[in-house]
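**Q**
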Amino acid sequence: MKILIVEDDEMIADVISRGLSRAGYQCLCAYDGLEAAGLLEEHRYDLILLDIMLPGADGYELMRYIKDFGIPVIFITARTRLEDKVKGFRLGADDYITKPFELAELTVRVEAVLRRYHKLQDKISAAGVEVDTLSRTVRKNGRPVELTAKEYELLLLFLRNRNIALYRDRIYEEVWEGEFDPDSRTVDIHVQRLKKKAGLEDSIVSVRGVGYRLEAPET
Numbered sequence: 668m669k670i671l672i673v674e675d676d677e678m679i680a681d682v683i684s685r686g687l688s689r690a691g692y693q694c695l696c697a698y699d700g701l702e703a704a705g706l707l708e709e710h711r712y713d714l715i716l717l718d719i720m721l722p723g724a725d726g727y728e729l730m731r732y733i734k735d736f737g738i739p740v741i742f743i744t745a746r747t748r749l750e751d752k753v754k755g756f757r758l759g760a761d762d763y764i765t766k767p768f769e770l771a772e773l774t775v776r777v778e779a780v781l782r783r784y785h786k787l788q789d790k791i792s793a794a795g796v797e798v799d800t801l802s803r804t805v806r807k808n809g810r811p812v813e814l815t816a817k818e819y820e821l822l823l824l825f826l827r828n829r830n831i832a833l834y835r836d837r838i839y840e841e842v843w844e845g846e847f848d849p850d851s852r853t854v855d856i857h858v859q860r861l862k863k864k865a866g867l868e869d870s871i872v873s874v875r876g877v878g879y880r881l882e883a884p885e886t
C-alpha cells in the first residue's frame with residue numbers, strides 16, 4: 668500500500684510517515700501542493716493524506732485535481748471549523764482529521780478508508796505463513812503460531828517486503844520505534860526467534876553487510 672503524505676510541516680510529515688511505515692505502509696512525503704501534483708503524475712497511490720494550508724496550491728485546490736485520479740483522500744488539518752469540514756467532504760474527502768491527533772487513531776482511520784475501497788489486505792501470506800491482520804493471528808501450514816508483539820510486527824514487516832533486503836537499522840526503527848544502535852543484537856535475536864517459531868529457517872536469509880530478506884514467491 669502506497670500512501671502520499673502532503674504536509675508542509677516536515678516534522679509532522681516525518682512522524683506520520685514513520686508511524687504508518689511501522690504499520691507496513693510505503694510512504695512518500697510532499698511538502699507543497701505543486702510538488703504533490705507532480706508526484707501524482709509520476710506514481711500511483713492507494714491513499715493521500717492531505718493538509719489544507721499548503722504553499723504552492725492549498726489542499727482544497729489540490730483536492731479538485733486529485734478527483735481525476737480516483738484516489739481516496741483523508742484531510743489532516745488544524746482547521747476545526749464546521750464549514751471547513753463540510754467543504755472538505757463536499758470536495759470528495761473520505762475522512763477529515765483535525766490536529767493534534769494520535770497516530771493510533773490515524774492508523775485506524777487509514778485502515779477503514781482502505782478497507783472501504785477494498786484495498787486493504789486482511790490476510791497476508793508467504794512461505795507457508797498466513798497472518799490475519801484483523802484478529803492478529805498467525806498460522807504456519809494451518810497450525811497456530813504464538814508470537815510476541817514485536818515478533819508479530821517483525822513478521823509483518825518481512826511479509827510486506829518479501830524478496831527485499833531490509834537493513835538492520837530500518838528493521839529496528841520500524842519495529843522498535845527508536846534509533847538503531849549498531850552494537851545491539853536486538854534485531855538478530857528477534858529474527859532468530861521468529862525464524863524458529865514460524866518455521867522460516869530456510870526463508871528468512873541473512874544478507875551480508877545489510878540485514879535480512881524474506882525469500883518467497885510473489886503471489
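For the sequence shown, our numbering begins at 668 and goes up steadily by one.
Ideal Cβ positions, reconstructed from N, Cα and C, are used throughout, including at glycine.
(1) Classify V709: buried if its beta carbon has 16 or more other beta carbons within 10 angstroms, exposed otherwise.
(2) Return the CA-CA distance between L814 and R806, expressed in angstroms with no decimal places.
(3) Could you spell out the range, first to last residue, of the beta strand (DSSP E) harbouring G878?
(4) With H792 as the anchor, note down where its beta strand (DSSP E) starts and where it stops.
(5) What are the start and end residues of the alpha helix (DSSP H) that includes D855?
(6) Between D699 and the rest of its own chain, which residues show a CB-CB distance below 7 Å, the 5 nearest in sequence each way excluded?
(7) Give me the Cα-Cα distance between L687 and S792, rounded to the nearest whole angstrom.
(8) How big is the Cα-Cα spacing for A771 and K863?
(9) Opposite F742 in the DSSP bridges: which residues?
(10) What does the alpha-carbon distance come out to for the pair G755 and A697?
(11) Give the secondary structure of L889 by DSSP, where H, G and I count as helix, E and B as strand, and everything else as coil.
(12) Would you list the one or two residues that DSSP bridges to I672?
(13) Would the beta-carbon of L695 fall within 7 Å of that of L671?
(14) Compare the C-alpha of E868 against each of A883, R875, Y784, G876 and name the closest.
(15) Am I right that Y692 and P739 are in contact with their C-beta atoms under 8 Å? What's the rounded C-beta distance?
(16) Pull up the distance between the alpha-carbon of R731 and that of D725, whole angstroms please.
(17) From the DSSP output, read off the bridge partner residues of V872.
(18) What is the residue span of the alpha helix (DSSP H) that R829 lies within?
(19) Could you check which residue in V858, V673, V775, R746 has the C-alpha nearest to that of L801?
(20) Would you please state the rounded distance, in angstroms, between the beta carbons of V780 and L717? I believe it to be under 8 Å.
(21) Would L824 and L861 qualify as a contact pair, given that the criterion is a beta-carbon distance under 7 Å?
(22) Which two residues bound the contiguous alpha helix (DSSP H) that contains E813?
(23) Could you check what DSSP says for T804 in three-state terms: helix, strand or coil?
**A** Quick answer:
(1) Counting from one through the sequence shown, the residue named residue 709 turns up at place 42. Residue identity check: residue 709 is Glu in the sequence provided, not Val. Exposed, because fewer than 16 other Cβ atoms sit within 10 Å of the Cβ of E709.
(2) In the sequence shown, residue 814 corresponds to position 147, counting from 1. In the sequence shown, residue 806 corresponds to position 139, counting from 1. L814 and R806 have their alpha carbons spaced roughly 10 Å apart.
(3) Counted from its first residue, the sequence shown places residue 878 at position 211. G878 -> beta strand (DSSP E) spans 878–881.
(4) Stepping through the sequence shown from its first residue, residue 792 is reached at position 125. For clarity, residue 792 is Ser in the given sequence; the question names His instead. In the DSSP assignment, S792 falls within the beta strand (DSSP E) that extends over 790–793.
(5) Taking the first residue of the sequence shown as 1, we reach residue 855 at position 188. 853–865 is the extent of the alpha helix (DSSP H) around D855.
(6) The residue given as residue 699 occupies position 32 in the sequence shown. Within the same chain, Cβ atoms closer than 7 Å to the Cβ of D699 are found at D675, L721, P722, G723, the five residues on either side in sequence being excluded.
(7) As a first step, residue 687 must be located in the sequence shown, where it is residue number 20. As a first step, residue 792 must be located in the sequence shown, where it is residue number 125. A direct Cα-to-Cα measurement between L687 and S792 gives close to 20 Å.
(8) Numbered from 1 along the sequence shown, position 104 holds the residue referred to as residue 771. Numbered from 1 along the sequence shown, position 196 holds the residue referred to as residue 863. Distance from the CA atom of A771 to the CA atom of K863, rounded to whole angstroms, is 30 Å.
(9) For the purposes of this step, residue 742 is taken as residue 75 along the sequence shown, with counting starting at 1. According to DSSP, which records beta bridges pairwise, F742 is partnered with L717, Y763.
(10) On the sequence shown, position 88 is the one that residue 755 refers to. On the sequence shown, position 30 is the one that residue 697 refers to. Here the C-alpha atom of G755 lies approximately 20 Å from the C-alpha atom of A697.
(11) Any property of residue 889 remains undetermined from this structure, which presents the chain solely from 668 to 886.
(12) As a position in the sequence shown, residue 672 is number 5, starting the count at 1. Within the DSSP bridge table, the entry for I672 names C696, L716 as partners.
(13) As a working note, residue 695 is residue 28 in the sequence shown. As a working note, residue 671 is residue 4 in the sequence shown. The Cβ atoms of L695 and L671 sit closer than 7 Å to each other.
(14) Position 201 of the sequence shown, counting from 1, holds the residue named residue 868. That would be A883, whose Cα lies nearest to the Cα of E868.
(15) Translated into positions along the sequence shown, residue 692 becomes position 25. Translated into positions along the sequence shown, residue 739 becomes position 72. At roughly 13 Å, the Cβ-Cβ gap does not stay under 8 Å, so Y692 and P739 are not in contact.
(16) Numbered from 1 along the sequence shown, position 64 holds the residue referred to as residue 731. Numbered from 1 along the sequence shown, position 58 holds the residue referred to as residue 725. Rounded to whole angstroms, R731 and D725 show a C-alpha spacing of 10 Å.
(17) If you number the sequence shown from 1, residue 872 lands on position 205. DSSP lists R880 as the bridge partner or partners of V872.
(18) Numbered from its first residue, the sequence shown carries residue 829 at position 162. R829 -> no alpha helix (DSSP H), and no H or E assigned at all.
(19) One-based indexing of the sequence shown puts residue 801 at position 134. Ranking V858, V673, V775, R746 by Cα distance to L801 puts V775 first.
(20) In the sequence shown, the residue the question calls residue 780 occupies position 113. In the sequence shown, the residue the question calls residue 717 occupies position 50. So it is not a contact: roughly 12 Å between Cβ atoms.
(21) Taking the sequence shown and counting its residues from 1, one reaches residue 824 at position 157. Taking the sequence shown and counting its residues from 1, one reaches residue 861 at position 194. One thing to note: L824 has its Cβ no nearer than 7 Å to the Cβ of L861.
(22) Counting from 1 along the sequence shown, the entry for residue 813 is found at position 146. Looking at the DSSP string, E813 is not in any alpha helix (DSSP H), and its letter there is neither H nor E.
(23) Your numbering for residue 804 matches position 137 in the sequence shown. DSSP places T804 within a strand segment (E or B) once states are collapsed to three.
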